[in-house]
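J.: Heads up: the sequence shown begins at 1 in my numbering, then just goes up one per residue. Virtual Cβ for every residue (Gly too), placed ideally from N, Cα, C.
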Amino acid sequence: MSGGLLVAGTTSDAGKSVVTAGICRWLTRKGVSVAPFKAQNMSLNSFVTHEGAEIGRAQAMQAQAARVEPSALMNPVLLKPGSDRSSQVVLMGKPVGEMSARGYHGGRQAALLETVVGCLEELRGTYDAVICEGAGSPAEINLRRTDIVNMGIARAARFPVLVVGDIDRGGVFASFFGTTALLSSEDQELVAGYLVNKFRGDVSLLEPGLDMLHGLTGRRTYGVLPFQHGLGIDEEDGLRVSLRGAVRESAVAPPVGDDVLRVAVCAVPLMSNFTDVDALAAEPGVVVRFVDRAEELVDADLVVVPGTRGTVRALEWLRERGLAAALARRAAEGRPVLGICGGFQVLGEHIEDEVESRAGSVDGLGLLPVRVRFAREKTLARPVGEALGERVEGYEIHHGVAQVMGGDAFLDGCRVGEVWGTHWHGSLESDAFRRRFLTEVARAAGRRFVPAPDTSFAALREEQLDLLGDLIEEHADTDALLDLIEKGAPTGLPFIPPGAPAAPAPTPAPPAPSAAPERTKEAL
């Protein structure tokens, strides 16, 4: 088998990431070697590969679904928003500078097409199949000229396109039809059909609409996936977290001890890697919520200040909302606080920032004896260490360099009383360490909470990925999907007017993909 597929969506959050992961897991269980790919990702949730490259966490999750090691090839361009108008551009896992949206879409994006096509070709030469994820909608006609992640990459690779629609939002038939009708005839030739996501109820009631859609577009629907509670799969976008909503959709498991443990996560601006708290939410009896008001910290047993792409901005936000004063009161009362990455920096005494915010000298909250200086070079690492007598693995993504001047050692940071700080993301996924940490939190909070002795975060994640594979296997036409991946889009698909002007021809794949990133970096 040799081929591929682009999973596009009618909107952002239509389910592209989870469908891509589900297809990867389904193919892997069939013995097909498969790799995920997303040419360009905009996300504040990222991950560090073993070679020290930063990629989107969604692509790392999809690689796990495919049971392969994640690499920069799978997400060559990552955009990390720093404001509403600019983002840090991460190219082949390394930051290459800040850029405005207008500057990026005004020409720089098109220069990256050669790089992303080269990465895709390298993956195609290594794996039997490559399942690509699009971004937003392929019908964003204002951006089509410079598109490198939706129809741009599909046309360059001649991949068929499966359009996913979230029926839970409503209007899915109009979205499918409108998405197709807004594409040029050349792009429409690759749109093979549709996949309905998050359906609730009796599928037979949907079938007349699917038949009408086929009649209107000449394109079939490849499956109807049911709404599934309890999926804790990594989210792509840290900008759209629902405040005061539980981390997981499923009901909280009952505690092993007499009490539950309540965790409040400060929803700071530009929150990054909020997936760090997923491991806490996986523990029976632990309730994790995002908060933005000081009064919501009162009954919390643990407050987490998470990572952020705007440390100084997060400091200002905490002070404006009274959360900074609430954190100081907690520290004085000996009530647990955990700062991770940017949240760790916020808890320190002083910040010198001429890189991220360019605010210069700024006072921190002063809860930890730490001084932070922002360096232009980003730290990207996969450290392994020990804390509370247990082995810990994590990953680091930060410009801030911390000088720890006291307290008890805690990973790369420190602990003073019940205030803890570290740059390490992912440390709470280490099961034995997480149990010891929660035991410490429960003691300090005066709760009769007991961590479950057998919770395995890695096993829970595998169960969720298998569940995604099951959804594809049981509710999609897998024979038709295999045919699509192997042979491409069906020929003779009708044009749906009005269409759009013809898009520019794709740049051919470079002969040496490994050289492409350097040429593109110079273009930036």
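Within 10 angstroms of the Cβ of histidine 535, are there 16 or more other Cβ atoms? Answer buried if so, exposed if not.
T.: Residue 535 lies beyond the range of the chain shown here (1 to 524); nothing can be said about it.
J.: Where does valine 19 sit, in a helix, a strand or coil, going by DSSP?
T.: Position 19 of the sequence shown, counted from the start, is the residue given in the question as residue 19. Reduced to three states, the DSSP call for valine 19 is helix.
J.: So what does serine 361 bridge to, in DSSP terms?
T.: Numbered from its first residue, the sequence shown carries residue 361 at position 361. In DSSP, serine 361 forms a bridge with Glu352.
J.: Taking the alpha-carbon positions, what's the glutamate 69 to alanine 325 distance?
T.: Reading the sequence shown from its first residue, position 69 is the one you call residue 69. Reading the sequence shown from its first residue, position 325 is the one you call residue 325. Taking the straight line from one Cα to the other gives about 43 Å.
J.: Could you compute how far the alpha carbon of serine 250 sits from the alpha carbon of valine 287?
T.: For this step, residue 250 is matched to residue 250 along the sequence shown. For this step, residue 287 is matched to residue 287 along the sequence shown. With a pLDDT of 40 at serine 250, under the threshold of 50, the modelled position of that residue is not reliable, and the figure given next carries that caveat. One C-alpha to the other measures close to 11 Å.
J.: If I measure Cβ to Cβ from lysine 378 and keep anything under 6 Å in the same chain, skipping five residues before and after, which residues do I get?
T.: Residue mapping note: residue 378 aligns to position 378 of the sequence shown, counting from 1. These residues qualify, in order along the chain: Pro95, His399.
J.: When we look at the beta-carbon of leucine 481 and count the other beta-carbons within 10 Å, is it buried (16 or more) or exposed?
T.: Numbered from its first residue, the sequence shown carries residue 481 at position 481. Buried, by the Cβ-count rule.
J.: Could you tell me the distance, in whole angstroms, from the CA atom of glycine 245 to the CA atom of leucine 112?
T.: In the sequence shown, the residue the question calls residue 245 occupies position 245. In the sequence shown, the residue the question calls residue 112 occupies position 112. Bear in mind that a pLDDT of 42 at glycine 245, under 50, signals an unreliable position, so the model cannot answer this.
J.: Based on the DSSP secondary-structure assignment, which residues constitute the bridge partners of glutamine 403?
T.: Position 403 of the sequence shown, counting from 1, holds the residue named residue 403. BP columns for glutamine 403 point to Arg371.
J.: Let me check one thing: in DSSP terms, what residues is histidine 425 bridge-paired to?
T.: Numbered from 1 along the sequence shown, position 425 holds the residue referred to as residue 425. For histidine 425, which the question treats as bridged, DSSP gives the partners Tyr395.
J.: Here's a check: name, in chain order, each residue in its chain whose Cβ is nearer than 7 Å to the Cβ of arginine 313, leaving out the five neighbours to either side.
T.: Locating residue 313 in the sequence shown gives position 313, where the first residue counts as 1. Same-chain partners within the cutoff: Pro269, Leu270, Ser357.
J.: What number of angstroms, rounded off, separates the C-alpha of isoleucine 148 from the C-alpha of phenylalanine 199?
T.: By one-based count along the sequence shown, residue 148 stands at place 148. By one-based count along the sequence shown, residue 199 stands at place 199. Their Cα atoms are separated by approximately 30 Å.
J.: Under the DSSP definition of a beta bridge, which residues are partnered with tyrosine 194?
T.: Locating residue 194 in the sequence shown gives position 194, counting from the first residue. Paired residues: Val163, Thr221.
J.: Flag this pair as yes or no: are the beta carbons of lysine 80 and serine 87 separated by less than 7 Å?
T.: As a working mapping, residue 80 is identified with position 80 in the sequence shown. As a working mapping, residue 87 is identified with position 87 in the sequence shown. Cβ atoms of lysine 80 and serine 87: closer than 7 Å.
J.: Can you find the residues in the same chain that come closer than 7 Å, C-beta to C-beta, to proline 501, ignoring five residues on each side of it along the sequence?
T.: In the sequence shown, residue 501 corresponds to position 501, counting from 1. Closer than 7 Å at Cβ, skipping near neighbours: Ser184.
J.: DSSP on glutamate 132, reduced to helix/strand/coil?
T.: Counting from one through the sequence shown, the residue named residue 132 turns up at place 132. Note that residue 132 corresponds to cysteine in the displayed sequence, not to glutamate. Reduced to three states, the DSSP call for cysteine 132 is strand.
J.: DSSP state of aspartate 84, grouped into three classes?
T.: As a working note, residue 84 is residue 84 in the sequence shown. Three-state result, aspartate 84: coil.
J.: Phenylalanine 495 lies in the alpha helix (DSSP H); which residues open and close that run?
T.: Start at 1 with the first residue of the sequence shown, and residue 495 comes out as number 495. Segment: none, phenylalanine 495 is in no alpha helix (DSSP H) and carries neither H nor E.
J.: Can you grab the Cα-Cα spacing for the pair alanine 254 / glycine 285, in whole Å?
T.: Sequence index remark: in the sequence shown, residue 254 carries index 254 (1-based). Sequence index remark: in the sequence shown, residue 285 carries index 285 (1-based). Per the sequence presented here, residue 254 reads as proline, with alanine not at that position. Going by the C-alpha atoms only, they are around 5 Å apart.
J.: As a quick exercise: from Leu493, Gly201, Pro36, pick the residue whose alpha carbon is nearest that of glycine 4.
T.: By one-based count along the sequence shown, residue 4 stands at place 4. The residue with the shortest Cα to Cα distance from glycine 4 is Pro36.
J.: Would you please state the rounded distance, in angstroms, between the beta carbons of glycine 394 and histidine 425? I believe it to be under 8 Å.
T.: Here residue 394 refers to the residue found at position 394 of the sequence shown. Here residue 425 refers to the residue found at position 425 of the sequence shown. Glycine 394 to histidine 425, Cβ: 6 Å. Contact.
J.: What is the DSSP secondary structure of alanine 181, reduced to helix, strand or coil?
T.: Counting from one through the sequence shown, the residue named residue 181 turns up at place 181. Reduced to three states, the DSSP call for alanine 181 is helix.
J.: Taking Cβ to Cβ, would you say valine 116 is nearer than 7 Å to proline 160?
T.: On the sequence shown, residue 116 is found 116 positions in, with the first residue counted as 1. On the sequence shown, residue 160 is found 160 positions in, with the first residue counted as 1. No, Cβ-Cβ distance for valine 116 and proline 160 is not below 7 Å.
J.: Touching or not, the region 340 to 351 and the region 364 to 383, by the rule of three or more beta carbon pairs under 8 Å?
T.: Enough Cβ pairs lie closer than 8 Å, so yes.
J.: I need the straight-line Cα distance from methionine 74 to aspartate 466, nearest angstrom please.
T.: Taking the first residue of the sequence shown as 1, we reach residue 74 at position 74. Taking the first residue of the sequence shown as 1, we reach residue 466 at position 466. So the alpha carbons of these two residues sit roughly 21 Å apart.
J.: Counting along the chain, where does the alpha helix (DSSP H) carrying glycine 152 start and finish?
T.: In the sequence shown, the residue the question calls residue 152 occupies position 152. From DSSP, the alpha helix (DSSP H) with glycine 152 extends over 151 to 157.
J.: Since I believe glycine 413 is in contact with glycine 406 (beta carbons under 8 Å), could you give me their beta-carbon distance rounded to a whole number of angstroms?
T.: Taking the first residue of the sequence shown as 1, we reach residue 406 at position 406. Taking the first residue of the sequence shown as 1, we reach residue 413 at position 413. Contact doesn't hold; Cβ gap of about 11 Å is too wide.
J.: Just to confirm, is the Cβ distance from arginine 220 to glycine 193 under 7 Å?
T.: To locate residue 220, count along the sequence shown from 1; it is residue 220. To locate residue 193, count along the sequence shown from 1; it is residue 193. Going by C-beta atoms, arginine 220 is nearer than 7 Å to glycine 193.
J.: Who pairs with glutamate 386 in a beta bridge, going by DSSP?
T.: On the sequence shown, position 386 is the one that residue 386 refers to. Looking at the DSSP assignment, glutamate 386 forms a beta bridge with Arg391.
J.: Rounded to a whole number of angstroms, what is the C-alpha to C-alpha distance between phenylalanine 290 and aspartate 276?
T.: Here residue 290 is taken as the residue at index 290 of the sequence shown, counted from 1. Here residue 276 is taken as the residue at index 276 of the sequence shown, counted from 1. Computed Cα separation, rounded: 13 Å.
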